[in-house]
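One structure is given below, encoded as structure tokens.
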């Protein structure tokens, strides 16, 4: 009996081990949270910090310094640039791109995952590969198409151009996601009288909600991140999107309006970060869906 | 059914080799298609060797005289270049055909004019230009739109517009002149050059060859951006200098003392415009030149270049820190505004910005002339940036664009004033003292700059080869190679190879 008791570690030792594990886990988490959060925090401080403190090497960059807080950068952003219009354009373009991407990527992903034809797997990878061709290489030939469509210097140019990189990636993502849904479920629906389309609409799509949300988030953020197409296809101030507007109008030659730049980035970025947090579970499920079968 | 299901659900096996092959094919295919499409007749091919001047495209009979000049008009053609001897084939049109001067195109009522310019360092200039363009449009019944973008993004935007054959009508090259690159797509502005040149006593030596391609002005210099030395008076005084050193050896001595006091100096050793003209100033001041006066022979390998490179190595080792390798165009501005830097070589933007963003720095700083270079060929020479107007051939109405350009030059006093002389004029009569915007004693020194400012390719014309050398930053890379361990001789040899290769690609020489 005594020997059996001795086989278990003492209770204190177990508690210590658990504590040590937790401390390590939280230390790691804190470290990564710091890495992720620090730039955002720095942006926030810079947004409200006077220029004289920003450029002073003796001023600690992560705190407000002797001159306190200023609203000058935010005022400049809203009163002297077309920031409001850029934000509106950004959301308009991104929303349109999400809709177009879903319309094309969902059926294409289904076809690649489910329909029987030779080389489906190779085609899936091939489609994904087109996503890897950089926009810096594609913008010159694509601009001819945009001009031919009569969309040069219009928001429509971006709505047409962005799906060229969102659809391939999202098709690949959806194909991976559809493969995780057992075929038997769809088959059972068809046995119960559903056509293939009916089975897709009634069974597959509701089960693919996580995947579709992931695709929507990806398409939205990819549209917001693009620089090259936004720069080269659109230049009128009232047609600019936010990522190009703040850079083209708040960097003047060799002078950077740091406070206003940070304010612009922060105001445009925070809503998307909040959106992400709402759908985080779906997002993780969607992105890892194709990993385990 | 089971068999069918298995068939449908089967996993297509794919070997790693097959995957890599497929990926390679897609990438090569994509890249090839893009390149073919990009190159297909879009006219970004290298320029041919200079040819005899072609007749101007505009029709003088349909034009009207330009608006009265603000300065006293003069019919004298531009004086021949003093320091530089232009290439025979690239003879300035103002000298070659003075008889053409006079009538210039008039704006077409009901036309539209879309203008692309950089987001000017001085926001007040953008506001002035927007307002002026609107007023000009109302007066001439032309719908004018002015778009502003970041200077670094202009080449990409122009590439897109060139490929699309659409976009703006009139635009401004900023520092990176690509007149030769797009020569087949740009309207000949020789008639405008002649008219404006006659009105203002001729173009400055620097402006004469700028934008001149095959004897035609494919671009016209709007203004140069001078690059004075901006230095801390208090720091220099601290190490025993009451004013900024007048020659390069003394500047080296002072810089070494300043670095010891933790006040290094800085010139970018990176791919940026400031890197281009900062190190050109050193090279030219030492007497080194990139090409012969006719622009046909590479002359970068010389004793003067070697001396300049050795000086650059010493200046870096004794006076700078390694952050200069990572600078962009804003690097030296931040350096000065931080209060640590003792001197930089930059446009007045750094100095003017300090007034509002770092008043302590501003009150202790001043502008200085470029130091004199040593040796028989040494002199005071400043490498500068310059901007230029260009008009696309597919412009809604090229004559309207030309008329706008002519009238814009007539506003030189306004844009001089509003920019505090940052826009340095390209025409001789505009250099009469006192110059607008330079009334402040701090800026007075800029009135003496005309004789010592030079664009890239000094001693010869700014042709397509120099355009590529400038836009691929060969100059700062040569100095960076010398400093980072290759040594001056090897760096100079490398640069000679680059210049020769690029000249050959452009059929020059």
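Protein chains in written order, with this note's numbering: chain Y, 1 to 293; chain W, 1001 to 1509. Glycine is no exception: its CB is placed at the ideal position from the N, C-alpha and C atoms. Owing to the predicted nature of the structure, the values given are computational and were not obtained by experimental measurement.
{"Query": "Alpha helix (DSSP H) runs contained entirely in the segment 40–74 of chain Y, provided each spans 4 or more residues", "Result": "51–54"}
{"Query": "Cutoff 8 Å; reference residue 1476 of chain W; Cβ partners in own chain excluding five residues on either side", "Result": "1268, 1269, 1270, 1271, 1272, 1275, 1276, 1278, 1279"}
{"Query": "Extent of the continuous alpha helix (DSSP H) to which residue 1135 of chain W belongs", "Result": "1123–1140"}
{"Query": "Where residue 1448 of chain W sits in the DSSP three-state scheme", "Result": "helix"}
{"Query": "Nearest to residue 39 of chain Y (by Cα), restricted to the options Y/58, Y/26, Y/151, Y/62", "Result": "Y/62"}
{"Query": "Amino acids of chain W, ordered along the chain, whose beta-carbon sits closer than 8 Å to that of residue 135 of chain Y", "Result": "In chain order: nothing, as chain W lies at least about 10 Å away."}
{"Query": "Within-8 Å CB hit, residue 1159 of chain W to chain Y", "Result": "yes"}
{"Query": "Alpha-carbon spacing of residue 105 of chain Y relative to residue 161 of chain Y, whole angstroms", "Result": "15 Å"}
{"Query": "In chain order, each alpha helix (DSSP H) run of at least 4 residues that lies wholly inside the segment 1199–1241 of chain W", "Result": "1205–1208, 1233–1238"}
{"Query": "Proximity test, Cβ basis, 8 Å: residue 52 of chain Y and chain W", "Result": "yes"}
{"Query": "Residue burial classification, residue 1118 of chain W (beta-carbon count within 10 angstroms, cutoff 16)", "Result": "buried"}
{"Query": "Reference residue 146 of chain Y; option with closest CA among W/1281, W/1509, W/1162", "Result": "W/1162"}
{"Query": "Residues near residue 1402 of chain W in its chain [Cβ-Cβ closer than 8 Å; skip 5 each side]", "Result": "1058, 1104, 1105, 1187, 1189, 1191, 1192, 1391"}
{"Query": "Under 8 Å between C-beta atoms of residue 1354 of chain W and residue 1338 of chain W", "Result": "no"}
{"Query": "Contact with chain W by residue 147 of chain Y, beta-carbon distance below 8 Å", "Result": "yes"}
{"Query": "Paired residues, beta bridge with residue 1343 of chain W - DSSP", "Result": "W/1231"}
{"Query": "Every unbroken beta strand (DSSP E) inside the segment 1255–1314 of chain W [3 residues or more]", "Result": "none"}
{"Query": "N- and C-terminal bounds of the alpha helix (DSSP H) containing residue 199 of chain Y", "Result": "196–199"}
{"Query": "Nonlocal neighbours in the same chain, by C-beta distance under 8 Å from residue 1374 of chain W, ignoring five residues either side", "Result": "1247, 1248, 1249, 1286, 1307"}
{"Query": "Proximal chain W residues relative to residue 248 of chain Y, where beta-carbon distance stays under 8 Å", "Result": "1119, 1148, 1149, 1150, 1153"}
{"Query": "Identity of the residue in W/1165, W/1203, W/1505 nearest residue 1431 of chain W by Cα", "Result": "W/1203"}
{"Query": "DSSP beta-bridge partners of residue 1149 of chain W", "Result": "W/1118"}
{"Query": "Same chain, Cβ closer than 7 Å to residue 47 of chain Y, five either side skipped, listed in chain order", "Result": "73, 74, 259, 262, 263, 266"}
{"Query": "Chain-order list of residues whose beta-carbon lies under 6 Å from that of residue 1483 of chain W (same chain, five-residue window excluded)", "Result": "1313, 1316"}
{"Query": "Contacts that residue 1169 of chain W makes with chain B (C-beta to C-beta distance below 7 Å)", "Result": "No chain B is present in this structure, whose protein chains are Y and W."}
{"Query": "Local conformation of residue 1365 of chain W per DSSP, three classes", "Result": "strand"}
{"Query": "DSSP three-state assignment for residue 236 of chain Y, whether helix, strand or coil", "Result": "coil"}
{"Query": "Distance, residue 68 of chain Y Cα to residue 52 of chain Y Cα", "Result": "11 Å"}
{"Query": "Residue of Y/163, Y/243, Y/254, Y/217 minimising C-alpha distance to residue 281 of chain Y", "Result": "Y/217"}
{"Query": "Proximity test, Cβ basis, 8 Å: residue 236 of chain Y and chain W", "Result": "yes"}
{"Query": "Closer than 8 Å at the beta carbon, the chain Y residues around residue 1305 of chain W", "Result": "The premise fails here: residue 1305 of chain W is roughly 27 Å from chain Y at the closest Cβ pair, so nothing lies under 8 Å."}
{"Query": "Residues sharing a beta bridge with residue 1392 of chain W, DSSP", "Result": "W/1186"}
{"Query": "Sequence-distant residues of the same chain with beta carbon closer than 8 Å to residue 1264 of chain W, five excluded per side", "Result": "1255, 1258, 1319, 1320, 1321, 1340, 1341, 1342"}
{"Query": "Close-in-space but distant-in-sequence residues of the same chain around residue 1326 of chain W (CB under 6 Å, 5 per side omitted)", "Result": "none"}
{"Query": "Identity of the residues DSSP links to residue 252 of chain Y by a beta bridge", "Result": "Y/255"}
{"Query": "Where residue 1194 of chain W sits in the DSSP three-state scheme", "Result": "helix"}
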